[in-house]
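Below is one structure; the comments refer to it alone.
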Amino acid sequence: MDEKLTFYQLSSEVANEVLERVEAFNRGRTRERGAYVISLATAYRPYYALWRIFPDSDIPLFIRTLAVTFDVAAERAMKLLQNCNVVLSVADNAVFERCYGLTDDVIPFGKYKGKRLAEIYYLAPSYVLWLANKFTPDTRRYDHLIELAKQFAYVHFELTVQKRQISSVSRFVGNKGDKLKDLSLTVLNIRLQVDTYKPDFYVDQNILAADRDGNRFTFLVKAAGQSLTPKALHCRSRKINRQEVLHLLSAKVMGHYESHGVRYTRLGYVKIQSV
């Protein structure tokens, strides 16, 4: 755990566990366009919040409150950022304290008069997008407000863009037929898949995972036995979870493919280290 972080009413064990999950989540993500940051709870502000820090701006952008517990806050932040390639960090609330008293993001006109942009974005993001892209004021007094709205529009794009549009740092690993050893992969997604070569319901797990460098891998975790339904694993099958780190003792490169600019290495004969 980072010694510079001060956790309010939270044990170091729990904090360490959540920070490790955040670290695993960040594999393959970039800081080139800044970062999203979780601000820590304090005695005076007993909640965790999400901020966006842009590299060309001195003032962090408040996005929303997350939760009153660190684990739930981190889970919600990672869910929000699942389609985004920007890193997620954690910082003391002192970093953001100067931002709470600012009023330059308060709308002085219209149906949302008196409300902050973050609040409006949470309730009606289309209105903030209108401010950013179509609002044409007759005075320059609203220039800074429009710039803030454009920052929210950028956040909206990052949080809602489809996965196929994400720029990826993934590269092909190995050549077809190569044997890879000692891979540590973080699970990004799991899809249940029925083995069509068998007459009954043998439900496999189709895994999408990434290594520390962001390279994407796909492989199957075969069913341990027959299931009663195509929507459930066999009772003896090892259930794989998102953000779980799998240690592959060995695997064979079966091929490579590219989809929407993202490169994938397809693995077979996968041997996973037992828990």
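The UniProt record's numbering puts the sequence shown at residues 1 to 275.
Think of the CB as a built atom: it goes at the ideal place given N, C-alpha and C, for glycine as much as any other residue.
Computed from a predicted model, the values in this text were never measured in an experiment.
* **Sequence-distant residues of its chain with Cβ nearer than 6 Å to Q162 (five each side left out)** => Taking the sequence shown and counting its residues from 1, the one referred to as residue 162 is at position 162. Note that Q162 scores a pLDDT of 46, beneath 50, so its modelled location is shaky and nothing firm can be said.
* Asked: Which stretch, first to last residue, makes up the beta strand (DSSP E) that contains Y257?
  -> For this step, residue 257 is matched to residue 257 along the sequence shown. In the DSSP assignment, Y257 falls within the beta strand (DSSP E) that extends over 245 to 259.
* Could you tell me how far apart the beta carbons of F70 and Y48 are, in whole angstroms, since I believe they sit closer than 8 Å? => The sequence position of residue 70 within the sequence shown is 70, counting from 1. The sequence position of residue 48 within the sequence shown is 48, counting from 1. Between Y48 and F70 the Cβ distance is about 6 Å, and since that is below 8 Å, they are a contact.
* Asked: Starting from T160 and walking both ways along the alpha helix (DSSP H), at which residues does that stretch end?
  -> By 1-based counting over the sequence shown, the position of residue 160 is 160. It spans 143 to 160 - the alpha helix (DSSP H) in which T160 sits, taken as one unbroken run.
* Give the straight-line distance between the Cα atoms of M254 and R263, rounded to the nearest whole angstrom. => Residue numbering aside, residue 254 sits at position 254 when the sequence shown is read from its first letter. Residue numbering aside, residue 263 sits at position 263 when the sequence shown is read from its first letter. Each residue's CA atom was taken as its position, placing M254 and R263 some 14 Å apart.
* To do: State buried or exposed for N175, treating a residue as buried only when at least 16 other CB atoms are found within 10 Å of its CB.
  => In the sequence shown, residue 175 corresponds to position 175, counting from 1. N175 comes out exposed.
* To do: Could you have a look at K113 and say whether DSSP puts it in helix, strand or coil?
  => Numbered from 1 along the sequence shown, position 113 holds the residue referred to as residue 113. It is coil, neither helix nor strand.
* With C-beta atoms as the reference, is V155 less than 9 Å away from Y112? -> Mapped onto the sequence shown, residue 155 falls at position 155. Mapped onto the sequence shown, residue 112 falls at position 112. Not in contact: V155 and Y112 (Cβ atoms no closer than 9 Å).
* Do V173 and D200 have their CB atoms nearer than 9 Å? -> If you number the sequence shown from 1, residue 173 lands on position 173. If you number the sequence shown from 1, residue 200 lands on position 200. No, the pair does not count as a contact, with Cβ atoms beyond the cut-off.
* **Per-residue DSSP class, three states only, for N189** => What you label residue 189 is simply residue 189 of the sequence shown in a count that begins at 1. If DSSP states are grouped into helix, strand and coil, N189 belongs with the strands.
* To do: Report yes or no: do the region 58 to 73 and the region 82 to 102 share at least 3 C-beta pairs separated by less than 8 Å?
  => Because the criterion of three Cβ pairs below 8 Å is met, the region 58 to 73 and the region 82 to 102 touch.
* To do: Tell me, to the nearest whole angstrom, how far the beta carbon of A223 is from that of D195; I am working on the premise that it is less than 8 Å.
  => Working through the sequence shown from its first residue, we reach residue 223 at position 223. Working through the sequence shown from its first residue, we reach residue 195 at position 195. That pair is a contact at about 7 Å.
* Starting from L233, follow the alpha helix (DSSP H) in both directions and report where the run begins and ends. => Translated into the one-based positions of the sequence shown, residue 233 becomes position 233. Here L233 belongs to no alpha helix (DSSP H), and DSSP marks it neither H nor E.
* **Nearest neighbour of L159, chosen from P125, Y142, C99 [CA to CA]** => In the sequence shown, the residue the question calls residue 159 occupies position 159. Of the listed residues, the one whose Cα sits closest to L159 is P125.
* How would you label T265, buried or exposed, when you count the other beta carbons within 10 angstroms and need 16 or more for buried? -> Your numbering for residue 265 matches position 265 in the sequence shown. Buried is the call here.
* Asked: Can you list, in chain order, the residues of its chain whose CB lies under 6 Å from that of residue 288, leaving out five sequence neighbours each side?
  -> What the structure shows of the chain is the stretch from 1 to 275, and residue 288 is not part of that stretch, so it cannot be assessed.
* Residue from L248, A149, D213, Y127 whose Cα sits closest to the Cα of R171 -> Locating residue 171 in the sequence shown gives position 171, counting from the first residue. R171 has its Cα closest to that of D213, out of L248, A149, D213, Y127.
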